[in-house]
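Just below is one structure, and these are the notes that go with it.
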Amino acid sequence: KDGTEIAIDDSAAPIKNREGKITGVVLIFRDMTERRRAEEQMRLQAEHVGTKLVSDHIVEAHLDERPFRLTGDSGKSYTCDSLIIATGAKAKWLGLPSEERFKGFGVSACATCDGFFFRGKRVLVVGGGNSAVEEALYLSNLASHVTIIHRRDEFRSERVLVKRLLAQENVSILFNHVIDEIVGDENPLSVTGARVKNVATGAIHTLEADGVFVAIGHSPASELFRGQLTIKPSGYIAVEPGSTRTSMPGVYAAGDVADEVYRQAVTAAGLGCMAALEVEKFLLDAPKPAVKEIA
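Spelled out as structure tokens, the structure:
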């Protein structure tokens, strides 16, 4: 837009509108220290196209009739004719103080996000379900060696995945063990291994490793909508195949709260785009409900 000042660095790719004018910038960041700059760029771009941003934490949702009504912990109420739920999902963690200390410094819950940091290094993967086996398989293509630690004596994963895992020469499996503590150096802060405990005997020994990947599942933030929308047994909001439509007309779910397979930023962004397009069509086609005053 004429008159708009835009800062572009050598790692950024410009976004142009249909007239060929630059309306935004895609910034590719080299590390997490630039996260605030990313958030600020996204905020400015959203406001530039007319988006109203409100900071509030929604604690109640009433979807039984339109307009839908949401209540924030600020006490304010919000109404809408259509709603996109993008509340995300959080990784489940072991709950160890040492785990918290080394998060981002060798401890991760996302192999596809952080695996490349451990190319040629030794890593541990914690878990025994599909997520853990898939993480271990992914890391086996990067790390020099992968050890998967599982508290039970067999995997809960699909057999085909386990078969692939067993075929990897640089993967070893430690059944009936849990991580007792993650150990590392202080300067610089980095993981050097983990103390593991045999759940049957209580014996403890140390495994050397450069990274620990926790893969014991995710908790989608869907509890607010339980009883109003169809929620899968896994906790993810159910959507129609190839769509972001939920069981309630006018309500859409995008990102990690509905996606239990990929859980990536790029797929979440794509689902967000799908939801926006579906909302636009819904609002054009749906009859306008009567506006209700809220005290």
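Here the numbering used here runs 846 ahead of the position in the sequence shown, where the first position is 1.
By construction, the Cβ of each residue, glycine as well, lies at the ideal position given by its N, Cα and C atoms.
Computed from a predicted structure; not experimentally measured.
For residue i: DSSP bridge partner residues
| i | result |
| --- | --- |
| Leu-1053 | Ala-1040 |
| Ser-954 | Phe-1059 |
| Ala-982 | Paired residue(s): none; Ala-982 is not in a bridge. |
| Lys-936 | Ser-1065 |
| Leu-1020 | Ile-995 |
| Asp-1031 | Ser-1036 |
| Tyr-1098 | Ile-930 and Arg-1091 |
Backbone CA spacing between residue i and residue j [nearest angstrom]
| i | j | result |
| --- | --- | --- |
| Glu-906 | Leu-916 | 6 Å |
| Ile-1077 | Leu-1123 | 23 Å |
| Lys-1043 | Val-1024 | 5 Å |
| Ser-954 | Leu-1035 | 14 Å |
| Gly-973 | Asp-1131 | 46 Å |
| Lys-967 | Ala-1061 | 18 Å |
| Gln-817 | Gly-1063 | Because the chain spans 847 through 1141 in this model, residue 817 falls outside it and cannot be assessed. |
| Lys-1009 | Pro-943 | 34 Å |
| Pro-1095 | Leu-940 | 38 Å |
| Glu-1086 | Ser-990 | 41 Å |
| Ser-1088 | Gly-1101 | Per the sequence presented here, residue 1088 reads as Gly, with Ser not at that position. So the alpha carbons of these two residues sit roughly 13 Å apart. |
| Cys-1119 | Gln-891 | 15 Å |
Limits of the alpha helix (DSSP H) - the one that residue i falls within
| i | result |
| --- | --- |
| Glu-911 | No alpha helix (DSSP H) contains Glu-911, which DSSP labels as neither H nor E. |
| Asp-1105 | Unbroken run through Asp-1105: none, as it is neither H nor E. |
| Leu-1011 | 1005–1012 |
Three-state secondary structure (DSSP) of residue i
| i | result |
| --- | --- |
| Pro-943 | helix |
| Leu-1075 | strand |
| Thr-1090 | coil |
| Met-878 | Low local confidence applies: a pLDDT of 48 at Met-878 is under 50, so the model's placement there is unreliable, and no value is given. |
| Lys-1127 | helix |
| His-903 | coil |
| Arg-990 | Checking the displayed sequence, the identity of residue 990 turns out to be Ser instead of Arg. Three-state result, Ser-990: coil. |
| Thr-925 | strand |
| Gly-1116 | helix |
| Asp-1026 | strand |
| Gly-918 | strand |
| Pro-1133 | coil |
Short Cβ contact (7 Å threshold) for residue i with residue j
| i | j | result |
| --- | --- | --- |
| Phe-1071 | Ser-928 | no |
| Ala-1099 | Thr-1113 | no |
| Val-1029 | Gly-952 | no |
| Leu-1011 | Leu-983 | yes |
| Ser-1093 | Leu-1075 | yes |
| Ala-957 | Phe-1021 | no |
| Asp-918 | Ala-1067 | The amino acid occupying residue 918 in the given sequence is Gly; Asp does not appear at that position. No, the Cβ-Cβ distance between Gly-918 and Ala-1067 is not below 7 Å. |
| Gly-1057 | Phe-962 | no |
| Val-1107 | Ile-931 | no |
Start and end residues, beta strand (DSSP E) containing residue i
| i | result |
| --- | --- |
| Arg-1142 | As shown, the chain starts at 847 and ends at 1141. That puts residue 1142 outside it, with no answer to give. |
| Ile-931 | 929–931 |
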